[in-house]
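Visitor: This is the structure I have questions about; it appears just below.
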Amino acid sequence: MIFITGGAGFIGSNFVLDWLAQHDEPVINFDKLTYAGNINNLASLTHDPRHIFVQGDIGDTAQVAALLEQYKPRAIVHFAAESHVDRSILGPAAFVQTNVNGTFGLLEATRAFWSNLPESEKAAFRFLHVSTDEVYGTLGPNDAPFTETTQYAPNSPYSASKAASDHLVRSYHHTYGLPTLTTNCSNNYGPYHFPEKLIPLMITNARAGKPLPIYGDGQQVRDWLYVSDHCAAIRRTLEAGVPGEVYNIGGWNEKANLEVVHALCDILDKLDPKSSGSYRDQIAYVTDRPGHDRRYAIDARKIERELGWKPAETFETGIRKTVQWYLDHQDWVSNVQSGDYLKWVEQNYSQRQTPAGVQQ
Ligand code: NAD
Ligand code: DAU
32 MIFITGGAGF
42 IGSNFVLDWL
52 AQHDEPVINF
62 DKLTYAGNIN
72 NLASLTHDPR
82 HIFVQGDIGD
92 TAQVAALLEQ
102 YKPRAIVHFA
112 AESHVDRSIL
122 GPAAFVQTNV
132 NGTFGLLEAT
142 RAFWSNLPES
152 EKAAFRFLHV
162 STDEVYGTLG
172 PNDAPFTETT
182 QYAPNSPYSA
192 SKAASDHLVR
202 SYHHTYGLPT
212 LTTNCSNNYG
222 PYHFPEKLIP
232 LMITNARAGK
242 PLPIYGDGQQ
252 VRDWLYVSDH
262 CAAIRRTLEA
272 GVPGEVYNIG
282 GWNEKANLEV
292 VHALCDILDK
302 LDPKSSGSYR
312 DQIAYVTDRP
322 GHDRRYAIDA
332 RKIERELGWK
342 PAETFETGIR
352 KTVQWYLDHQ
362 DWVSNVQSGD
372 YLKWVEQNYS
382 QRQTPAGVQQ
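Set out below in structure tokens:
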């Protein structure tokens with residue numbers, strides 16, 4: 032069986048659902064259920080004995096160690112993290128706690144378990160660390176995309192904490208020989224994406240008749256990947272990746288934020304038209320994110336060349352499916368927009384003004 036951390040979050044729950052749709056190999060899903068974790072994402076697995084859910088913190092080395100001894104997984108896929116850049120700006124401590132100290136605790140429990148395995152199982156064991164392109168910093172408009180050897184230059188508390196976790200993972204391979212794999216992926220989107228992030232926030236605000244808050248000039252570029260493509264890349268890396276190696280994962284889909292929001296509005300105008308006007312009328316420019324990275328882009332040639340993975344979805348197919356998913360899952364949206372969510376919206380957006388010189 033495999034042991035997953037953070038499997039109730041956005042990417043983790045997509046991974047668990049995709050894994051069990053394709054394999055009979057059971058999954059231990061270890062998740063703290065923070066505001067971002069949602070066990071309802073896995074409601075279809077409630078009576079499925081292949082899915083074993085355990086609530087807990089990756090920093091609790093004793094609990095993780097006991098579970099590893101009990102279930103003896105052949106691999107760990109580590110998704111659990113604090114993942115939202117804006118939250119890391121307003122409250123960085125949780126990011127250091129989970130992403131750095133938590134990953135350290137998980138690595139220590141894994142090292143103790145792995146060290147005592149028989150030699151053949153030791154060699155076959157894998158620790159796959161799911162990381163981000165944000166560790167590489169920001170690109171200028173004409174810079175080449177990030178490769179696996181681009182120098183680390185994290186700019187937010189979130190990306191700095193992920194960079195630290197990447198370094199810890201690297202050191203456990205180099206020092207102890209733990210068979211690690213690290214993946215650095217670009218921006219994901221798709222079903223079960225928590226509506227604090229750009230794409231689900233814009234879809235849900237649009238439908239609720241609320242402003243669509245564009246930070247700064249909206250010309251920041253992200254490289255978008257449909258979440259099931261990321262899950263397929265992780266499965267392939269787990270299967271064939273070389274221990275100690277790093278694989279960049281991306282969608283070859285660079286888009287400015289404003290272009291993404293326009294695309295969402297245009298799809299909504301067709302699928303769920305307003306009584307008058309366009310959803311574009313709700314766009315509102317607001318104060319920029321401090322330290323906002325201007326451009327991310329991933330060079331995903333290594334994983335294509337060495338492991339034969341490339342994305343199946345284009346931005347056009349993926350974004351349409353995503354909008355349709357949110358239209359079809361209004362109950363899921365209502366459930367996640369709880370009291371805590373409303374507090375976050377107030378905290379993050381109430382102080383943002385329209386920047387000087389920008390016309391709404
Ligand atoms: P998410 O915030 O949606 O989910 C995180 C999950 O981790 C939640 O279920 C949460 O309950 C759990 N968790 C948080 N702290 C924990 C702890 N201390 N112990 C156990 N569980 C804990 O995040 P996501 O967007 O699904 O991202 C998953 C991983 O992928 C993260 O490591 C993130 O850095 C990385 N990543 C995300 C993206 C993206 O676009 N979302 C892109 C590249 C990489
Ligand atoms: O690049 C991978 C990263 O992508 C992951 O590691 C992170 O976990 C994930 O959250 C994501 O980070 P971003 O900061 O790029 O994603 P976010 O959806 O928060 O923002 C995307 C862009 O949209 C960014 O340039 C900021 C902008 N934005 C975001 C919000 C929430 C807005 O203009 N308005 C908004 O209200």
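Taking our numbering, the leading residue of the sequence shown gets 32, the next gets one more, and so forth. C-beta: ideal position from N, C-alpha, C; glycine also.
What are the partner residues of Glu-285, as DSSP defines its beta bridges?
Guide: According to DSSP, which records beta bridges pairwise, Glu-285 is partnered with Asp-254.
Visitor: Quick one: what's Asp-197 bridged to in DSSP?
Guide: DSSP lists no partner for Asp-197.
Visitor: Using a C-beta cutoff of 8 Å, does Ala-239 count as contacting chain B?
Guide: Absent from the structure: chain B. Only one protein chain is present.
Visitor: Measure the C-alpha to C-alpha separation of Lys-193 and Ser-259 and round it to an integer number of angstroms.
Guide: Cα-Cα distance, rounded: 22 Å.
Visitor: Taking the straight line between their C-alpha atoms, what separation do you get for Ala-239 and Glu-290?
Guide: One C-alpha to the other measures close to 21 Å.
Visitor: What residues in its chain sit with their C-beta under 6 Å from that of Pro-226, if we drop five residues either side in the sequence?
Guide: So the list reads Leu-232, Thr-235, once near-sequence residues are dropped.
Visitor: Which runs of the alpha helix (DSSP H) spanning at least 4 residues fall entirely within the segment 56-108, listed in chain order?
Guide: Runs found: 92-102.
Visitor: Counting only the same chain and skipping the five closest in sequence on each side, list residues whose C-beta sits under 6 Å from that of Gly-168.
Guide: Contacts found: Ala-184, Asn-186.
Visitor: Apply the 10 Å Cβ neighbour rule to Thr-134 and answer buried if 16 or more other Cβ atoms are within range, or exposed otherwise.
Guide: Thr-134 comes out buried.
Visitor: Would you check if there are 3 or more beta carbon pairs closer than 8 Å linking the segment 32-46 to the segment 67-86?
Guide: The segment 32-46, when compared against the segment 67-86, does touch it at the 8 Å Cβ threshold.
Visitor: Using 10 angstroms around the beta-carbon of Tyr-207, count the other beta-carbons present and answer buried if the total reaches 16, otherwise exposed.
Guide: Its Cβ having fewer than 16 others within 10 Å, Tyr-207 is exposed.
Visitor: Is Leu-373 helix, strand or coil by DSSP?
Guide: In this structure, Leu-373 counts as helix in the three-state DSSP scheme.
Visitor: Give, in chain order, every unbroken run of the beta strand (DSSP E) that is at least 3 residues long and sits entirely within the segment 126-167.
Guide: Runs of the beta strand (DSSP E) inside the segment 126-167: 157-163.
Visitor: Mind checking who Leu-212 pairs with in its DSSP beta bridge?
Guide: Paired residues: Leu-159.
Visitor: Using the beta-carbon count (16 or more within 10 Å), is Ser-369 buried or exposed?
Guide: Burial call: exposed.
Visitor: Once you ignore the five residues that flank Gly-275 on each side, which residues in its own chain have a CB closer than 7 Å to its CB?
Guide: The answer, listed in chain order, is His-204, Thr-211.
Visitor: For Lys-63, does the count of other Cβ atoms within 10 angstroms reach 16, so buried, or fall short, so exposed?
Guide: So Lys-63 ends up on the buried side.
Visitor: Roughly how far, in whole angstroms, is the beta-carbon of Asn-60 from the beta-carbon of Tyr-223, given that I think they are within contact range, below 8 Å?
Guide: Their Cβ separation, rounded to whole angstroms, is 14 Å, which puts Asn-60 and Tyr-223 out of contact at 8 Å.
Visitor: Using a Cβ-based criterion (distance less than 7 Å to any ligand heavy atom), does Ile-89 qualify as near ligand 1?
Guide: Flag set: Cβ of Ile-89 near ligand 1.
Visitor: So which of Asn-173, Arg-336, Ala-175, Val-131 has the shortest CA-CA distance to Asp-197?
Guide: Ranking Asn-173, Arg-336, Ala-175, Val-131 by Cα distance to Asp-197 puts Val-131 first.
Visitor: Cα-Cα, which of Phe-158, Gln-94, Gln-86, Ala-175 is closest to Arg-201?
Guide: Selected option, being the one with the closest Cα: Phe-158.
Visitor: For Ala-112 and Phe-126, I'd like the C-alpha separation in whole angstroms.
Guide: When rounded, the distance between both Cα atoms is 7 Å.
Visitor: Below 7 Å, is the gap between the Cβ of Val-200 and the nearest heavy atom of ligand 1?
Guide: False, no ligand heavy atom lies under 7 Å from that Cβ.
Visitor: How should Pro-23 be labelled, buried or exposed, when 16 other C-beta atoms within 10 angstroms of its C-beta is the threshold for buried?
Guide: Given that the chain is displayed from residue 32 to residue 391, the structure contains no residue 23 and the question cannot be resolved.
Visitor: In whole angstroms, give me the CA-to-CA distance for Arg-267 and Leu-338.
Guide: Approximately 7 Å between the Cα atoms of the pair.
Visitor: Residue range of the alpha helix (DSSP H) that Leu-170 falls in?
Guide: Neither: Leu-170 is in no alpha helix (DSSP H) and is coded neither H nor E.
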